[in-house]
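One structure below.
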């Protein structure tokens, strides 16, 4: 199917987004084209929350490529982020056609898709100037804001306190990527008080969230084990963030941020499963 044929088949307000993704070789499923199926609220919190991390992950990988830090790995990270966006969009789309989402949530999901299309567009061309990675980072932050808003709204729909744990564990995924992104921006000589302040604030937020998750009443042997792994991986990542931004330091941040992301993703999935049992 050509770009014109596909674009004509979707809602007019979505055509620009569709063309952008097709031009980059990536296509998000349109929310309106989903099957008449629903997604669990815990799963929706997980998937919507992923877009927070994906925005920062793409900006991180883009800056990593610019700095030539493990560039082949950065290309893989970018590809994984785009695939995750596809699968997450397909899952979240289930709730719109079935009428599961209120109008506000549907509007926010559509905006997430549009904003993510823009960061995808910005990161398609190789970064040759610092201004390009700054633009990608700024767009990642705009995407993060709307992804956070829709995640919060879906959490409220669940109407159980434990829903917050899925969102909180999922937010740790984002923090792991934003911390690495800002470390790389600093290495790229992006002199910004915001970058340095956010590095310190995000590190404090990550530590506090780990404490909150450990103290939460929702726990299983698997959750406790993953929390222990998160503790150890955070120590490695935190130590890497404190290193000078030389070749060794940059490489350490690139690898430890990915390991921490993997652990936090597994932990989020475990909280997602636990919440499904609560919600039935």
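In this note's numbering, the protein residues as written are 3 to 282. Note that the Cβ used here is the ideal one computed from N, Cα and C, for glycine as well.
(1) Our contact map puts residue 231 next to residue 204 with C-beta atoms below 8 Å; I'd like the distance itself, whole angstroms only.
(2) Excluding the 5 residues preceding and the 5 following residue 262 in the sequence, name in chain order all residues of the same chain whose CB lies nearer than 7 Å to its CB.
(3) When the Cα atoms are used, what is the spatial distance from residue 241 to residue 101?
(4) For the alpha helix (DSSP H) that contains residue 158, what are its first and last residues?
(5) Rounded to the nearest angstrom, how far is the Cβ of residue 290 from that of residue 94, given a contact under 8 Å?
(6) Under a three-way DSSP split, which group does residue 72 fall into?
(7) If you run the structure through DSSP and keep just helix, strand and coil, what is residue 191?
(8) Which residue spans inside the stretch 191 to 217 form an unbroken alpha helix (DSSP H) run of at least 4?
(9) Taking all protein chains shown into account, do 16 or more other C-beta atoms lie within 10 angstroms of the C-beta of residue 195, making it buried, or fewer, making it exposed?
(10) Helix, strand or coil: which one does DSSP assign to residue 258?
(11) Cα separation between residue 247 and residue 276?
(12) Under the three-state reduction of DSSP, which class applies to residue 163: helix, strand or coil?
(13) Hey, how far is the Cα of residue 149 from the Cα of residue 249?
(14) With 16 as the cutoff for other CB atoms within 10 Å, does residue 228 come out buried or exposed?
(15) Figure out for me which residue from 244, 225, 255, 256 has the closest Cα to the Cα of residue 270.
(16) How is the alpha helix (DSSP H) around residue 236 delimited, first residue to last?
(17) Which residues in the same chain have their Cβ closer than 7 Å to the Cβ of residue 254, if we skip the five residues on either side of it in sequence?
(18) Can you tell me whether residue 47 is helix, strand or coil according to DSSP?
(19) Measuring straight from C-alpha to C-alpha, what distance separates residue 159 and residue 280?
(20) By alpha-carbon positions, which one of 233, 145, 189, 96 ends up nearest to residue 51?
(21) So residue 138 and residue 64 are in contact, right, with Cβ under 8 Å, and what is the actual spacing, rounded?
(22) State the Cα-Cα distance for the pair residue 106 and residue 251, rounded to the nearest angstrom.
(23) Is the stretch 40 to 47 touching the stretch 159 to 175 in the sense that three or more CB pairs, one from each, lie closer than 8 Å?
(24) Short of 6 Å in beta carbon distance, which residues of its chain neighbour residue 79, apart from the five on each side in sequence? Order them along the chain.
(25) Beta-carbon within less than 8 Å of residue 128's beta-carbon, same chain only, minus the 5 sequence neighbours each way: which residues are those?
(26) Rounded to whole angstroms, what's the CA-CA distance from residue 278 to residue 190? Just pull it up for me.
(27) Have a look at 202, 266, 260, 124 and flag the residue whose alpha-carbon is nearest the alpha-carbon of residue 233.
(28) Which residues in the same chain have their Cβ closer than 7 Å to the Cβ of residue 90, if we skip the five residues on either side of it in sequence?
Quick answer:
(1) The C-beta distance from residue 231 to residue 204 rounds to 20 Å, too long to fall under 8 Å, and the pair is not in contact.
(2) Excluding sequence neighbours, residue 262 sits near 178, 235, 236, 239.
(3) Looking at the two C-alpha atoms, the distance is approximately 47 Å.
(4) Per DSSP, residue 158 belongs to the alpha helix (DSSP H) from 132 to 160.
(5) Nothing can be reported for residue 290, as the shown portion of the chain is limited to 3 through 282.
(6) Correct three-state label for residue 72: coil.
(7) Residue state, collapsed to three classes: coil.
(8) Inside the stretch 191 to 217, DSSP marks whole alpha helix (DSSP H) runs of 4 or more residues at positions 195 to 217, from first to last along the chain.
(9) Counting of Cβ neighbours within 10 angstroms places residue 195 among the exposed residues, the total staying below 16.
(10) Correct three-state label for residue 258: helix.
(11) Going by the C-alpha atoms only, they are around 40 Å apart.
(12) It is coil, neither helix nor strand.
(13) Answer to the nearest angstrom: the Cα atoms are 33 Å apart.
(14) Answer is buried; the Cβ neighbour count reaches 16.
(15) Taking the Cα of residue 270 as reference, the smallest distance to any Cα among 244, 225, 255, 256 is reached at 225.
(16) Where residue 236 is concerned, the enclosing alpha helix (DSSP H) starts and stops at 223 to 243.
(17) Within the same chain, residue 254 has close Cβ partners 242, 245.
(18) The DSSP-derived three-state label of residue 47 is helix.
(19) A straight-line Cα-Cα distance of about 14 Å links residue 159 and residue 280.
(20) The residue with the shortest Cα to Cα distance from residue 51 is 145.
(21) Residue 138 to residue 64, Cβ: 5 Å. Contact.
(22) Rounded to the nearest whole angstrom, the C-alpha separation of residue 106 and residue 251 is 43 Å.
(23) Contact between the stretch 159 to 175 and the stretch 40 to 47 is present, with at least three C-beta pairs closer than 8 Å.
(24) Correct list, in chain order: 63.
(25) Same-chain partners within the cutoff: 67.
(26) Near 43 Å, if we compare the C-alpha coordinates of residue 190 and residue 278.
(27) Measuring C-alpha to C-alpha distances from residue 233 to each of 202, 266, 260, 124 identifies 266 as the nearest.
(28) Cβ neighbours of residue 90 beyond the five flanking positions: 49, 52, 53.
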